[in-house]
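*Asks:* Numbering follows the numbering used here, in which position 92 of the sequence shown is assigned residue number 442; successive positions increment by one, without gaps.
Backbone N, C-alpha and C fix where the C-beta goes; we use that ideal spot for every residue, glycine too.
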Amino acid sequence: MSTLHKCGALTPGQLAAKEGVQPPSMTRVIAALERLGYVERQPHPTDGRQAIVELSTSGREYVEATISAREAWLDERLAKLSPDEREVLSKAAEIIERMAGR
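Written as structure tokens, this is what we have:
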């Protein structure tokens, strides 16, 4: 769901590739998420053999609520750090981003 939130609508094959799983596994995941009402399948606009998977309104709300909860948790913990500790974290984040090639 996170990948669909970040990337938008994808075919099951594209979603499987981004998640690093085999297409049959992704098909099962998509079916389960569809039963829960978190994703919707639409016909592919140019390829009748394909479908496009996208987050439903419920799926989008779920992902956004999860993101908000994580951010609130992190904000709460960061607020308890001293200025020196926050500075150390800031420098560490810069080093990690450089190492990751961003």
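Using three-state DSSP, classify Q400 as helix, strand or coil.
*Replies:* Correct three-state label for Q400: coil.
*Asks:* Checking 8 Å against the spacing of the C-beta atoms, do A401 and Q392 come in under that value?
*Replies:* Contact flag set, yes.
*Asks:* Restricting to runs no shorter than 4 residues, where is the alpha helix (DSSP H) found entirely within the segment 386-435?
*Replies:* List check, alpha helix (DSSP H) in window: 407-429.
*Asks:* Below 8 Å on the Cβ atoms is my guess for V403 versus H355; work out the distance and round it to an integer in Å.
*Replies:* Actually they are not in contact, since the Cβ atoms of V403 and H355 sit about 12 Å apart, beyond 8 Å.
*Asks:* Using the rule of at least 16 other Cβ atoms within 10 Å of the residue's Cβ for burial, across every protein chain shown, is I417 buried or exposed?
*Replies:* It is exposed - the Cβ of I417 has fewer than 16 other Cβ atoms within 10 Å.
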